[in-house]
């Protein structure tokens, strides 16, 4: 039976494991991949993962595999862009990892993880936990053959056939909300659902959102009247050379961070909300590294 990783060349003495360690027998697994969590990262993530049904009195079995192994396996898939079936043999069976990934997503675990880590990073950098301003943008990505026709489309502007991910980040570039739609969906149309999702996540604290020219039109009045949210358009200056756009560069950088994870370069997910989960897990990796760097 597999268990949590130990440092290369280290011993199992005092090696950290998940808070459900009593439910599985520990054995050796050497941490050998760049995506493996550090002890500091795992100390932040472990308490935030949802309790199993048996611990909450809803029946079911104890989890057989260490949760740290499961999270390491998810991070390996997200960062390397491999198929679930191609997981290395020193991880739990791919069916177990995928089922746990889907089950956690069903109860919103990745969003809760991301929210908690983001709040801690903001506090560590001397800011309020809840942001008051944000930046939104979208990115069209090509879809693999596994993406069904009903959830894909054609982005005529970018000449991309696939899906479009719409994100909102705070002024540090940390992800607040993500929404995945067919690539044919206009930004100003998807923004209504995205901003509603932002309101649910941020609790109405965000009062200002910066965006590009694709969000003009009736969206501005709708956001102000319905959500009491000001959407400010940052126009591109008419200059014949490259220039960094105020505020907008933050979300562009976040999109680059996400695309740095190979599973997010192209959309391979059958279900749109699973691609949203992949985006969140990529930002969980980034945010947890940033948090532990402060510590």
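Numbering (our numbering), first residue to last: 641 to 935. Where a beta carbon is used, it is the ideal one built from N, C-alpha and C, also for glycine.
In this structure, how does DSSP classify residue i when only helix, strand and coil are distinguished?
i           : result
residue 874 : coil
residue 702 : coil
residue 686 : helix
residue 675 : coil
residue 729 : coil
residue 822 : strand
residue 722 : coil
residue 814 : coil
residue 919 : helix
residue 670 : strand
residue 912 : helix
residue 941 : The structure shown does not extend to residue 941, since the chain is modelled only from 641 to 935, so the question has no answer here.
residue 691 : coil
residue 845 : coil
residue 925 : helix
residue 598 : Limits of the chain in this structure are 641 at one end and 935 at the other, which puts residue 598 out of reach.
residue 660 : coil
Kindly list the residues whose CB is nearer than 7 Å to the CB of residue i, restricted to its own chain and excluding five residues on each side of it in sequence; keep chain order.
i           : result
residue 837 : 817, 819
residue 930 : 761
residue 875 : 853
residue 754 : 815, 920, 923, 924, 927
residue 890 : 775, 809, 811, 813
residue 710 : 732, 737, 740
residue 885 : 874, 876
So who's on the other strand from residue i, going by DSSP bridges?
i           : result
residue 834 : For residue 834, which the question treats as bridged, DSSP gives no partner whatsoever.
residue 894 : Beta-bridge pairing links residue 894 to no other residue.
residue 883 : Answer by DSSP bridge pairing: none, since residue 883 is not bridged.
residue 793 : 802
residue 780 : 804
residue 851 : 873
residue 809 : 775, 815
residue 861 : In the DSSP output, where bridge partners are listed per residue, residue 861 has none listed.
residue 907 : 783
Counting only the same chain and skipping the five closest in sequence on each side, list residues whose C-beta sits under 8 Å from that of residue i.
i           : result
residue 937 : Nothing can be reported for residue 937, as the shown portion of the chain is limited to 641 through 935.
residue 800 : 780, 781, 782, 794, 823
residue 910 : 786, 787, 788
residue 947 : The displayed coordinates of the chain run from 641 to 935. Any statement about residue 947 would go beyond what the structure contains.
Can you give the beta carbon distance from residue i to residue j, rounded, assuming they're within the 8 Å contact cut?
i           : j           : result
residue 777 : residue 892 : 7 Å
residue 907 : residue 803 : 5 Å
residue 848 : residue 773 : 4 Å
residue 749 : residue 690 : 5 Å
residue 718 : residue 724 : Their Cβ separation, rounded to whole angstroms, is 11 Å, which puts residue 718 and residue 724 out of contact at 8 Å.
residue 846 : residue 860 : In fact, because the Cβ distance is near 15 Å, the residues do not count as touching under 8 Å.
residue 855 : residue 828 : 5 Å
residue 871 : residue 851 : 6 Å
residue 903 : residue 721 : 4 Å
residue 688 : residue 758 : Contact flag wrong, Cβ pair sits at about 12 Å.
residue 657 : residue 708 : 7 Å
Leaving aside the five residues before and after residue i along the sequence, list all residues of the same chain whose C-beta is less than 6 Å from its C-beta, in chain order.
i           : result
residue 806 : 778, 819, 830, 834
residue 895 : 779
residue 734 : 724, 725, 727
Next on the checklist: Could you tell me which whole alpha helix (DSSP H) segments of length 4 or greater appear in the stretch 746 to 777?
Outcome noted: Listed in chain order, the complete alpha helix (DSSP H) runs (minimum 4 residues) inside the stretch 746 to 777 are 749 to 764.
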